[in-house]
Amino acid sequence: MLSKKTKYAFHALTYLGKHKDQGAILIQEISEFHNISHKFLENILLELKKAGFLGSKKGKGGGYYLIKEPKEIPLSRIIRLLDGPIALLPCVSLNYYEPCEECENQEQCGLNKVMIEVRDETLKILEMKTLQDILSNE
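Residues are numbered in our numbering as their position in the sequence shown, beginning at 1, plus a constant of 4.
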(Lines of atoms letter the chains of each structure in order from A; the text may use other names.)
(Lines give C-alpha, C1' and ligand atoms only; values in the text may rest on other atoms or scores of the structure.)
Protein backbone atom coordinates (compact mmCIF):
# COMPACT_ATOMS: atom_id res chain seq x y z
CA MET A 5 0.00 0.00 0.00
CA LEU A 6 1.07 3.56 -0.57
CA SER A 7 2.10 5.42 2.55
CA LYS A 8 0.21 8.49 3.66
CA LYS A 9 3.28 10.51 2.69
CA THR A 10 3.13 9.27 -0.91
CA LYS A 11 -0.64 9.77 -1.17
CA TYR A 12 -0.21 13.35 0.10
CA ALA A 13 2.59 13.88 -2.43
CA PHE A 14 0.26 12.81 -5.23
CA HIS A 15 -2.48 15.13 -3.89
CA ALA A 16 -0.03 18.05 -3.78
CA LEU A 17 1.42 17.31 -7.22
CA THR A 18 -2.07 17.03 -8.67
CA TYR A 19 -3.06 20.34 -7.09
CA LEU A 20 0.07 22.00 -8.50
CA GLY A 21 -0.62 20.43 -11.90
CA LYS A 22 -4.18 21.76 -11.95
CA HIS A 23 -2.97 25.26 -11.01
CA LYS A 24 0.30 25.34 -12.96
CA ASP A 25 -0.78 28.40 -14.94
CA GLN A 26 -1.16 30.39 -11.69
CA GLY A 27 2.54 30.27 -10.84
CA ALA A 28 3.82 29.40 -7.38
CA ILE A 29 1.26 28.04 -4.90
CA LEU A 30 1.57 28.49 -1.15
CA ILE A 31 1.90 25.38 1.02
CA GLN A 32 -0.94 26.74 3.13
CA GLU A 33 -3.32 26.68 0.15
CA ILE A 34 -2.55 23.03 -0.67
CA SER A 35 -2.61 21.95 2.96
CA GLU A 36 -6.00 23.57 3.58
CA PHE A 37 -7.52 22.22 0.37
CA HIS A 38 -6.42 18.64 1.06
CA ASN A 39 -6.55 18.83 4.87
CA ILE A 40 -2.87 17.90 5.26
CA SER A 41 -0.67 19.04 8.13
CA HIS A 42 1.29 22.11 6.97
CA LYS A 43 4.58 20.86 8.46
CA PHE A 44 4.18 17.34 7.02
CA LEU A 45 3.36 18.74 3.59
CA GLU A 46 6.31 21.12 3.78
CA ASN A 47 8.68 18.16 4.30
CA ILE A 48 7.11 16.26 1.40
CA LEU A 49 7.41 19.25 -0.95
CA LEU A 50 11.05 19.74 0.05
CA GLU A 51 11.81 16.12 -0.89
CA LEU A 52 10.05 16.58 -4.23
CA LYS A 53 12.03 19.77 -4.81
CA LYS A 54 15.37 18.09 -4.00
CA ALA A 55 14.46 15.29 -6.43
CA GLY A 56 13.90 17.81 -9.25
CA PHE A 57 10.12 17.71 -9.57
CA LEU A 58 9.35 21.09 -8.00
CA GLY A 59 10.74 24.58 -7.88
CA SER A 60 10.08 27.18 -5.23
CA LYS A 61 9.96 30.91 -4.98
CA LYS A 62 10.38 32.97 -1.80
CA GLY A 63 8.68 36.18 -0.80
CA LYS A 64 5.55 37.78 -2.20
CA GLY A 65 3.98 35.49 -4.78
CA GLY A 66 6.11 32.66 -3.45
CA GLY A 67 5.37 28.98 -3.08
CA TYR A 68 5.93 25.79 -5.02
CA TYR A 69 5.41 24.97 -8.69
CA LEU A 70 6.02 22.07 -11.06
CA ILE A 71 9.26 22.34 -13.02
CA LYS A 72 8.36 19.34 -15.18
CA GLU A 73 5.29 18.76 -17.26
CA PRO A 74 2.85 16.33 -15.59
CA LYS A 75 3.39 13.86 -18.46
CA GLU A 76 7.11 13.78 -17.55
CA ILE A 77 6.52 12.64 -13.95
CA PRO A 78 6.17 8.84 -13.79
CA LEU A 79 4.28 7.53 -10.77
CA SER A 80 7.06 4.98 -10.16
CA ARG A 81 9.61 7.76 -9.46
CA ILE A 82 7.41 9.39 -6.81
CA ILE A 83 6.65 6.07 -5.12
CA ARG A 84 10.32 5.05 -5.04
CA LEU A 85 11.39 8.45 -3.79
CA LEU A 86 9.00 8.49 -0.85
CA ASP A 87 8.23 4.82 -0.12
CA GLY A 88 11.33 3.04 -1.36
CA PRO A 89 11.04 -0.30 -3.15
CA ILE A 90 8.02 -1.15 -5.26
CA ALA A 91 8.74 -4.89 -5.07
CA LEU A 92 6.86 -6.85 -2.42
CA LEU A 93 9.94 -8.82 -1.35
CA PRO A 94 13.51 -7.55 -0.90
CA CYS A 95 14.89 -10.48 -2.94
CA VAL A 96 13.08 -9.28 -6.09
CA SER A 97 13.74 -5.55 -5.74
CA LEU A 98 15.67 -3.97 -8.58
CA ASN A 99 16.97 -1.00 -6.58
CA TYR A 100 16.89 -2.26 -2.99
CA TYR A 101 17.84 -5.93 -3.36
CA GLU A 102 18.53 -7.99 -0.25
CA PRO A 103 18.49 -11.77 0.00
CA CYS A 104 15.71 -13.21 2.16
CA GLU A 105 17.07 -14.52 5.47
CA GLU A 106 14.88 -17.63 5.44
CA CYS A 107 15.55 -18.62 1.84
CA GLU A 108 18.21 -21.28 1.32
CA ASN A 109 18.19 -21.23 -2.49
CA GLN A 110 16.69 -18.20 -4.23
CA GLU A 111 17.03 -19.89 -7.64
CA GLN A 112 14.58 -22.60 -6.59
CA CYS A 113 12.18 -20.41 -4.61
CA GLY A 114 8.72 -20.45 -6.16
CA LEU A 115 7.62 -17.35 -4.24
CA ASN A 116 10.60 -15.43 -5.66
CA LYS A 117 9.67 -16.35 -9.23
CA VAL A 118 6.01 -15.31 -8.77
CA MET A 119 6.98 -12.04 -7.06
CA ILE A 120 9.34 -11.19 -9.94
CA GLU A 121 6.35 -11.44 -12.28
CA VAL A 122 4.25 -9.28 -9.95
CA ARG A 123 7.08 -6.72 -9.74
CA ASP A 124 7.55 -6.61 -13.50
CA GLU A 125 3.85 -6.11 -14.26
CA THR A 126 3.46 -3.51 -11.52
CA LEU A 127 6.51 -1.60 -12.76
CA LYS A 128 5.29 -1.76 -16.34
CA ILE A 129 2.14 0.07 -15.29
CA LEU A 130 3.72 2.52 -12.82
CA GLU A 131 6.48 3.53 -15.23
CA MET A 132 3.97 4.10 -18.01
CA LYS A 133 1.49 6.07 -15.87
CA THR A 134 2.30 9.68 -15.06
CA LEU A 135 0.93 12.60 -13.08
CA GLN A 136 -0.92 13.54 -16.27
CA ASP A 137 -2.92 10.30 -16.03
CA ILE A 138 -4.10 11.28 -12.55
CA LEU A 139 -4.99 14.78 -13.74
CA SER A 140 -6.87 13.38 -16.74
CA ASN A 141 -8.97 11.16 -14.49
CA GLU A 142 -10.15 13.93 -12.16
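Glycine included, every Cβ here is placed at the ideal spot set by N, Cα and C.
Item: Proximal residues to residue 42 (C-beta, below 8 Å), its chain only, five neighbours per side dropped; Value: 31, 32, 35
Item: Distance, residue 66 Cα to residue 121 Cα; Value: 45 Å
Item: Completely contained alpha helix (DSSP H) runs for the segment 72 to 109, where each covers 4 or more residues; Value: 79 to 87
Item: Strand pairing of residue 18, partner residues [DSSP]; Value: DSSP, once it has assigned bridges, lists no residue as partnering residue 18.
Item: Secondary structure of residue 63, DSSP reduced to three states; Value: coil
Item: Pair within 9 Å by beta-carbon distance, residue 17 and residue 70; Value: yes
Item: Cross-strand partners of residue 58 (DSSP beta bridge); Value: 70
Item: Residues near residue 88 by beta carbon distance below 8 Å, same chain, minus five either side; Value: 100
Item: Paired residues, beta bridge with residue 29 - DSSP; Value: 68
Item: Inter-stretch contact at 8 Å, needing at least 3 Cβ pairs: the segment 40 to 57 / the segment 110 to 117; Value: no
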